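Order-wise, the sequence lines are chains A and B.
Mapping of the first sequence onto this note's numbering: position 35 corresponds to residue 36, and the numbering continues sequentially without gaps.
Mapping of the second sequence onto this note's numbering: position 305 corresponds to residue 306, and the numbering continues sequentially without gaps.
We put the beta carbon where it would ideally sit given N, CA and C, even for glycine.
Note that the structure is a prediction, hence the values are computed from the model and not measured.
For reference, the structure is listed below as structure tokens.
2 protein chains.
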Amino acid sequence: MIKRSLKNTDIFTDEQLDKIHKTTMEILEKNGMEILSKKARKLFEENGAKVEGKQVYVSEKMIEDALTETPNEFTLHARNPNNNVQIGGKNTVLAPGYGAPFVMEYKKGRRRALYQDYLNFTKLAGYSDFIDVVGGVLVEPTDIEDEIRHVKMMKTALKYTDKCLMGSAMGAKKAEESIEMASIVFEDMDFIKKHPVMITLINTNSPLQIDERMSDALFIHSAYNQPIVVASLSMTGTTAPTTIAGALVEQNAEILTGITLSQLVNKGAPVIYGSASSVVDLKTGNLAIGNPETAKMFNGTAQIARYYGLPSRGGGALTDSLTPDAQAGYESMMNFMSAIQSGFHFILHSAGLLENYMTMSLEKFLIDDEIIGIIENFANGLKVNDDELAKDIILDVGSSGNFIATQHTFDHMRDLRESRLSIKERYFSNKEQPYTEERANKMCKEILEEYECPPLDKEVEEKLDNYIENIKK
Amino acid sequence: MIKRSLKNTDIFTDEQLDKIHKTTMEILEKNGMEILSKKARKLFEENGAKVEGKQVYVSEKMIEDALTETPNEFTLHARNPNNNVQIGGKNTVLAPGYGAPFVMEYKKGRRRALYQDYLNFTKLAGYSDFIDVVGGVLVEPTDIEDEIRHVKMMKTALKYTDKCLMGSAMGAKKAEESIEMASIVFEDMDFIKKHPVMITLINTNSPLQIDERMSDALFIHSAYNQPIVVASLSMTGTTAPTTIAGALVEQNAEILTGITLSQLVNKGAPVIYGSASSVVDLKTGNLAIGNPETAKMFNGTAQIARYYGLPSRGGGALTDSLTPDAQAGYESMMNFMSAIQSGFHFILHSAGLLENYMTMSLEKFLIDDEIIGIIENFANGLKVNDDELAKDIILDVGSSGNFIATQHTFDHMRDLRESRLSIKERYFSNKEQPYTEERANKMCKEILEEYECPPLDKEVEEKLDNYIENIKK
């Protein structure tokens, strides 16, 4: 988690925000949203929305009503209460890369992701001082059968970390199963209904559509009072207008409709305004996320979420680079820095991704963890008080003196005996041996070997295993 | 050059700025500054400063008086008037790395810098779409005799680029010689006295000292009305307190004293409030500049300069990494992004540096040029107007449509036939061949071979050569 003491980047004026809102309302009035779920259309209609065929026209009034009880802040509970996090306010809660079907393996190159990768990344996420939320599709374990993949992932997150969880968005059944799995760990269903214990990504289909699987999952999570991120992944030039403001308007229509649906299901259920929208490289037709347009979209998305009084999600250590090289470094830093300055409350894709959202890399995960540590310090801002201003020390040392031996320097230096050395201190900034992928890979292995986590209760683990076995039958 | 349309980062409150100012004034009153030049001490004394031994005590009143006529903005003139730049306002003028004694050569490693390197980096700076200012100690050509090094560097900058210049800060004689060299190119001395044609770095010695060589150069440049950057390179923990606020106070005392001196020499001479201050890694005693403390110091420095109504200098693509790797990428991006957001008007060290300020690298130069291009786009902000909001296009395309074939997308896509492909497009983002140092080196060579610049007038070149010959005699 990062505590932000910087001001949020406000890229728009109030008039511009009003204009974005007004344009969005016109889109919703004239085109509406294509809602593929009959159940969802019915709920919209019962609550006064105009419905024609699959198009649903949510009015400004319905959106306003929906937003009256959405919480600004809520606590996400972990199996270890010390790892609970508050989503909202000046906190930014972090989750690692999500959804990549591939893994870049040292010396072997890119291949499809397997369960062993899922386990490795779970451990790295558990090891990180900054990552708060694990589980979900940290990487796609393609060697696990689809019907139990979601619960196997959740069990792995529960066993190998004691941090917060992500839930399944793959339709009603899997959503319900993830909640039942969680209820084995968190006392009972009653606790869960009162306390958010998992956060789930509900994606819209750009332009202006929500599919059935996603809205079915939304129904379950919102009914159980579990937080959802309603997010758009529109791509300028293909699934959105090629201009950023247009893409922001389009995703705004999508997100507000999704959020309104959640509030019709359960008024007051926690929701996050989310975006993974980006641009398309028109030369190739590929998604491109390691660019300043994406970084600016973060600024816009977070500010529009503030306009509606909603917590927001966006950003991450995003790059289009294929390897953990300089390009991966500068693109990830730009996007992460912009995300934090934008004021997002939840950052998915914080660590591990290469090649936009396609590939996870152990080495890149550790580089990103370093970037997060740097940004955490940056986001702390500067203190101005008598001790920090150090007037008396400056006067004591005087012209052409040295501060190294002063008590003030001693008091402020970090005690390395007490702090875990940062990755860079262990491996990167070593004059004799500069960073190489080989060294980075060695470091990953060392961390994976060293890694330990408070064990899951034996009885609970058995229950989880039994639950998974029962799904198989 | 970068045009900033973002808001400047204001990290301090008005009260905090007042406190920083007040503390600085107390330092100047009680400790003063050690001024090693007798001539400078005499000038301070004649203008009412208390002088005791080498300590000069500049009063708040003297500083206020000095600041009354310092220009907010001024034009720096290039031999090609199309390359003139405005320093101040929403512009950020860029100069490449400065002062590195070493070069990192592909496959051969680090060695001392030579004239051929100076020439190569000059060409890369000339090639860049963003770098505005060349000359000065772009890299230290250690195979050129010291007595003519400054003029040889200036001639190289004049011959191989038609951009703006940096001048010599190595004492009065060399300062005067760089101005005389420039007068050969810019009509005559009268033009120069009325128009800034070179910018010069005047560094203080932290803590709280100005040496003779620097103040002698200051006398010349300010007398000729040429802009100087008065800059501190204090290092927290050794030459400054270990706390950032304390380091900012100390450098403030140094910079304000230097600026006051320039105004006593020539009231209204252009000055820039500068900083290259950073931190020391207390484990090793090495300067460390690729860290968030440095990025925050940029925020503080630029805001303090605004407090005094002065243009500011800081930042750059700074890293402690030894090679152009992921660390070099993320540290350089962080520092450059923070520098632009801070609102600096002049960024030295924009491209090429590795290993803090010690080493220049061709490959890193091109990576940084790419970073600058990204930040230029980022700093442009977002437009909100009917065309960008694209309401009618969104309504036309409707739910589950595609924007790729719309006229709007066509109108907004970049015409690659007309734009020079960015470095990344040529070399980095190539799926078949990802970035390697070998490919980067090949790209550097290709650019150096391709590079052309509008030639210097033959007669002018002869005069410059003669001038240099005469110094040797």
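If you draw a straight line from the alpha carbon of residue i to that of residue j, how long is it in whole angstroms?
| i | j | result |
| --- | --- | --- |
| A/CYS165 | B/GLU450 | 56 Å |
| B/VAL42 | B/ASN81 | Here residue 42 of chain B turns out to be Arg, not Val, going by the sequence shown. Roughly 39 Å separates the two Cα atoms. |
| B/SER420 | B/LYS124 | Residue confidence is low: B/SER420 scores 49 on pLDDT, short of 50, so the model does not pin down where it sits. No coordinate-derived value is stated. |
| A/GLU470 | A/GLU181 | 14 Å |
| B/LYS195 | B/GLN408 | 51 Å |
| B/SER400 | A/GLY98 | 29 Å |
| B/ALA403 | A/LEU209 | According to the sequence shown, residue 403 of chain B is Asn rather than Ala. Going by the C-alpha atoms only, they are around 11 Å apart. |
| B/PHE13 | A/LEU288 | 39 Å |
| A/GLY110 | A/PHE122 | 17 Å |
| A/THR258 | A/GLU70 | 16 Å |
| A/ASP458 | A/SER169 | 23 Å |
| B/ASP217 | B/SER184 | 20 Å |
| A/ILE221 | A/VAL135 | 20 Å |
| A/GLU30 | B/ALA232 | 58 Å |
| B/TYR452 | B/LEU115 | 20 Å |
| B/LYS284 | B/VAL266 | 43 Å |
So, is residue i buried or exposed, given that buried needs 16 or more other C-beta atoms within 10 angstroms?
| i | result |
| --- | --- |
| A/PHE411 | exposed |
| A/GLU141 | buried |
| B/ASP326 | buried |
| A/PHE310 | The question names Phe, but residue 310 of chain A in the sequence shown is Gly. Answer is exposed; the Cβ neighbour count stays below 16. |
| B/ASN73 | exposed |
| A/GLN227 | buried |
| A/LEU476 | The requested residue 476 of chain A does not occur in the structure, where chain A is confined to residues 2 to 474. |
| B/LYS8 | exposed |
| B/ARG113 | exposed |
| B/MET414 | exposed |
| B/ASN357 | buried |
| B/GLN117 | exposed |
| B/PRO271 | buried |
What residues match up with residue i in a beta bridge as DSSP calls it?
| i | result |
| --- | --- |
| A/THR360 | A/PHE103, A/LEU355 |
| B/SER339 | Note: B/SER339 sits in no beta bridge, so no partner. |
| A/CYS165 | A/VAL134 |
| B/GLN210 | B/GLU35, B/ASN206 |
| B/LYS79 | Note that residue 79 of chain B corresponds to Ala in the displayed sequence, not to Lys. DSSP output for B/ALA79 lists no bridge partner at all. |
Residues of chain B with CB closer than 9 Å to the CB of residue i, please, in chain order.
| i | result |
| --- | --- |
| A/SER233 | Here the premise fails: no neighbours, minimum Cβ distance about 13 Å. |
| A/ASN206 | SER400, SER401 |
Just verifying my parser: in three-state terms, what is the DSSP assignment at residue i?
| i | result |
| --- | --- |
| A/ASP388 | helix |
| B/ASN84 | helix |
| B/CYS445 | helix |
| B/THR10 | coil |
| A/ASP282 | strand |
| B/ARG415 | coil |
| A/ALA158 | helix |
| A/ASN378 | helix |
| B/LEU226 | Here residue 226 of chain B turns out to be Asn, not Leu, going by the sequence shown. Note: B/ASN226 maps to coil in three-state DSSP. |
| B/PHE404 | coil |
| B/SER420 | Since pLDDT at B/SER420 reaches only 49, below the 50 mark, its modelled position is unreliable, and the value read off the structure follows with that caveat. Residue state, collapsed to three classes: coil. |
| B/ALA176 | helix |
| B/LYS297 | helix |
| A/SER276 | strand |
| B/GLU53 | strand |
Report the neighbours of residue i on chain A: residues whose CB is nearer than 7 Å to its CB, in chain order.
| i | result |
| --- | --- |
| B/GLN304 | Result: empty, since nearest Cβ-Cβ is about 10 Å, beyond 7 Å. |
| B/LYS31 | LEU396 |
| B/GLY110 | In chain order: nothing, as chain A lies at least about 11 Å away. |
Can you list the residues of chain B that residue i reaches, using a CB-CB cut of under 7 Å?
| i | result |
| --- | --- |
| A/THR24 | LEU390, LYS392 |
| A/PRO242 | ALA391, ILE394, ILE395, PHE404, HIS409 |
| A/THR239 | ASN403, PHE404, ILE405 |
What residues of chain A sit near residue i, judged by a beta carbon separation below 9 Å?
| i | result |
| --- | --- |
| B/ASP19 | In chain order: nothing, as chain A lies at least about 10 Å away. |
| B/MET334 | GLY330, TYR331, GLU332, SER333, MET334, MET335, MET338 |
| B/VAL250 | LEU390, ALA391, LYS392, ILE395 |
Report the neighbours of residue i on chain A: residues whose CB is nearer than 8 Å to its CB, in chain order.
| i | result |
| --- | --- |
| B/GLU47 | The premise fails here: B/GLU47 is roughly 21 Å from chain A at the closest Cβ pair, so nothing lies under 8 Å. |
I want to verify the contact list: residues of chain B whose CB lies under 8 Å from the CB of residue i, in sequence order.
| i | result |
| --- | --- |
| A/MET34 | SER400 |
| A/PHE379 | PRO293, ALA296, LYS297, MET335, SER339 |
| A/PRO325 | ALA327 |
Proximal residues, the region 390 to 412 of chain A versus chain D, C-beta separation under 9 Å: The displayed structure is made up of protein chains A and B, and chain D is not among them.
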